[in-house]
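From first to last, the protein sequence lines stand for chains L and E. Here the first sequence is numbered in this note's numbering, starting from 1 and rising by one per residue. Here the second sequence is numbered in this note's numbering, starting from 1001 and rising by one per residue.
2 protein chains.
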Amino acid sequence: MSPENDPGTTSGVSPEQQAREAELLDRVLASFDATPDARMKQIMRSAVRHLHAFLRDVRLSEQEWKQGIDFLTAVGHLTDERRQEFVLLSDTLGVSMQTVAINNGAYAEATEATVVGPFFMQDSPEVELGGDISFGAAGEPCWVGGTVTGVDGTALPGARIEVWQADDQGFYDVQYGDDRVAARAHLFTDEQGRYAFWGITPTPYPIPQDGPVGRMLETVGRSPMRASHLHFMVTAAGFRRLVTHIFVRGDELLGRDSVFGVKESLVKDFLEQAAGTPTPDGRDLGARTWSRVRFDIVLAPAGS
Amino acid sequence: MSPENDPGTTSGVSPEQQAREAELLDRVLASFDATPDARMKQIMRSAVRHLHAFLRDVRLSEQEWKQGIDFLTAVGHLTDERRQEFVLLSDTLGVSMQTVAINNGAYAEATEATVVGPFFMQDSPEVELGGDISFGAAGEPCWVGGTVTGVDGTALPGARIEVWQADDQGFYDVQYGDDRVAARAHLFTDEQGRYAFWGITPTPYPIPQDGPVGRMLETVGRSPMRASHLHFMVTAAGFRRLVTHIFVRGDELLGRDSVFGVKESLVKDFLEQAAGTPTPDGRDLGARTWSRVRFDIVLAPAGS
């Protein structure tokens, strides 16, 4: 193994020094011996083990430790009810997506999951089937529709679909700085498990760059851009909750999404419609272009 | 190796699932390929590798991930200019002490280092040699004195000694809730490298328990108590900066300090003096008892 792959040892460090460091780690691990909850004990011991392995791998300097403390402090200070910089940090380090991967093992033909991101909010407004979730948020109208079924194809009536997305300037409502709710809603499938709504054709946008996570990405030469997407959270009794996005086929950012959220099965054809093309529900869009996409959602059984 | 010791693999997880998780990790690691600064690249890649290994080791659930985000958010919200909950977290997980260990390899007869803790403040008042650093903080008077030398025994005149400590109720001045400065000062050694001051006999105290770190310690069944100690930071041109404490021989907490800061070489004899015992500088303490301790400080060369 290369030194980078081997967290337990460090080249160029004397055996005596390594023994001192290992002894300290053992004392810290032993401090969790009396943890009543076995799962908590496992998590804390593993966290400590990997934290110390990181410190020893990179031989972290005291100045770098201080920079780390300052970075986390800045992340904490920016975080409030509308801005979750810790989630953004988790997302950009792939921690969120790895947690999704661990908890959503592939199941038959079920729709794949991806990250929830920092912009989901409870208590979105409800819209009727065929309703408009944009509530005035700017962007090209997009007709989104499909079905919700189990993996055996059984239609799921009354499934709850939460959708949320950015406007065509790349902002979610919680970033507007007022209390507007826009481009965020929930609806329920009909008796045949069908759903449809008007949203906005997704466009690429950068994750918020004005905080410590944005500065981190700049420092490491990474783009803050997210591939264009539309968020879904789908729940139905007896089925595994699905948190996912759909992405836009042809988007040049698909291969370098800043939060590692893209999965091939979630890339969909957003079909551009010329101005004047009749709309599915007869809505008059005047001289505007619009798009349409089909997304059939397949839920895995609960507990799978 | 036991599963806990082997971060790269996880028992009971299918090879296909493991491959998916490894592929995601590889994508995240590759996102740092363009980092201009080689050291930053090394640190970020190692941090990501260990974070993901932790997630995969414990198979972190999405609910546990959320609890982690909420925990860090609470740590961030409590942190301000006078309360550094991230440092407290680092201290209680042994991260601070391991960083000290990595950066302060044993050097000949030099005095050993320990954690800086969350209570150091810049801009302490200066006191004369023999002055009183307590500034009214409650506690038994303690005469502290000794020398500052290099490892060859050369006296170091003009060395700067920062000292700070809790009062006998376990509180530092920054915890008083007002702007008082107390039990915190700096002074300089004389031409023979000698120093002395009046402080307070150290007593045990709990680290702040009213925040998320305190709740974490409670959850895992750990005591928040710190062994009695007095903080030092010593600087002299041409020598490695020393951040350390002295501890009180006989303190029953020496073996279970909540931040793992105790080193045997830093345990000193605090000699209790009966009321009326003449003081070194003739100060009249009336009917009060007092103590005295000798602490000879030996600095390692800069760059060692």
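For each residue, glycine too, the CB sits at the ideal point set by N, CA and C.
Could you pull the start and end residues of the beta strand (DSSP E) that E:Ile1297 belongs to? 1297-1299
Going by the DSSP bridge assignment, what does E:Trp1065 pair with across the sheet? DSSP output for E:Trp1065 lists no bridge partner at all.
Can you give the Cα-Cα distance for L:Glu272 and L:Gly199, rounded to whole angstroms? 14 Å
According to a CB-to-CB cut-off of less than 9 Å, which residues of the segment 36-47 of chain L neighbour chain E? The residues in question are Pro36, Asp37, Arg39, Met40, Lys41, Gln42, Ile43, Met44, Arg45, Ser46, Ala47.
By the 8 Å beta-carbon criterion, what residues does the segment 1047-1064 of chain E contribute toward chain L? Ala1047, Val1048, Arg1049, His1050, Leu1051, His1052, Ala1053, Phe1054, Leu1055, Arg1056, Asp1057, Val1058, Arg1059, Leu1060, Ser1061, Glu1062, Glu1064
Between L:Tyr195 and the rest of its own chain, which residues show a CB-CB distance below 7 Å, the 5 nearest in sequence each way excluded? Leu129, Gly145, Gly146, Val148, Ile161, Leu187, Thr189
Out of curiosity, what's the CA-to-CA distance linking E:Val1181 and L:Ile246? 57 Å
Proximity test, Cβ basis, 8 Å: L:His77 and chain E: Chain E contact via Cβ: present.
Cutoff 8 Å: E:Ala1034 Cβ touching any chain L Cβ: At least one chain L Cβ lies under 8 Å of E:Ala1034.
According to DSSP, simplified to helix, strand and coil, what is L:Ser14? L:Ser14 sits in coil when the DSSP states are folded into three classes, being neither helix nor strand.
Sorted by chain position, which residues of the same chain lie with C-beta nearer than 8 Å to L:Gly211's C-beta, five sequence neighbours on each side aside? Ala74, Val75, Leu78, Arg83, Glu85, Leu88
With a Cβ-Cβ cutoff of 8 Å, do L:Ala47 and E:Phe1197 count as a contact? no
Beta-carbon proximity of E:Pro1204 to E:Ala1227, cut-off 8 Å: yes
Quick one: list the residues of chain E neighbouring L:Ile69, beta-carbon separation under 8 Å, in chain order. Gln1084, Phe1086, Val1087, Ser1090
Residues in the same chain with beta-carbon distance under 8 Å from E:Ser1002, minus the five sequence neighbours each way, listed in chain order, please. Reliability fails at E:Ser1002, whose pLDDT of 41 lies under 50, so the model's placement of it is uncertain and the value that follows must be treated cautiously. Answer for E:Ser1002: no residue qualifies.
CB-CB under 7 Å to L:Glu21, same chain, minus the five flanking residues each way: which ones, in chain order? Arg56
The segment 1198-1215 of chain E: which residues have C-beta closer than 9 Å to a C-beta of chain L, in chain order? none
Proximal residues to E:Asp1132 (C-beta, below 6 Å), its chain only, five neighbours per side dropped: Only Trp1198 meet the Cβ criterion.
In chain order, each alpha helix (DSSP H) run of at least 4 residues that lies wholly inside the segment 203-260 of chain L: 212-219
Cβ of L:Met233 less than 8 Å from any chain E Cβ? no
With burial defined as no fewer than 16 other Cβ atoms inside 10 Å of the residue's Cβ, what is the status of E:Ser1304: buried or exposed? exposed
CB contact check: L:Phe239 to chain E, cutoff 8 Å: No, no contact with chain E.
Straight-line Cα distance separating E:Ile1207 from E:Met1040: Roughly 33 Å separates the two Cα atoms.
Go to L:Thr189, then tell me how far its alpha helix (DSSP H) extends in each direction, as first and last residue. From DSSP, L:Thr189 is part of no alpha helix (DSSP H); its letter is neither H nor E.
Please list, in chain order, the residues of the segment 1009-1033 of chain E that have any C-beta partner in chain L closer than 8 Å. Residues passing the 8 Å Cβ filter: Ser1014, Glu1016, Gln1017, Arg1020, Glu1021, Leu1024, Leu1025, Arg1027, Val1028, Ser1031, Phe1032.
Taking Cβ positions only, does E:Val1151 come closer than 8 Å to chain L? no
Within 10 Å of its beta-carbon, does L:Ser90 have 16 or more other beta-carbons around it, so buried, or fewer, so exposed? Result: buried.
L:Phe71, DSSP secondary structure in three states: Note: L:Phe71 maps to helix in three-state DSSP.
Compile a chain-ordered list of the residues in the segment 93-113 of chain L whose CB is closer than 7 Å to at least one CB of chain E. Taking 7 Å as the Cβ-Cβ cut-off against chain E, the residues of the segment 93-113 of chain L that qualify are Leu93, Gly94, Val95, Met97, Gln98, Thr99, Ala101, Ile102, Asn103, Gly105.
Pick out whichever of E:Gly1282, E:Val1298, E:Thr1277, E:Ala1300 has its Cα sitting closest to the Cα of E:Trp1290. E:Thr1277
For L:Arg49, the three-state DSSP class (helix, strand or coil): helix
How should E:Arg962 be labelled, buried or exposed, when 16 other C-beta atoms within 10 angstroms of its C-beta is the threshold for buried? Residue 962 of chain E is absent from the model: chain E starts at 1001 and stops at 1304.
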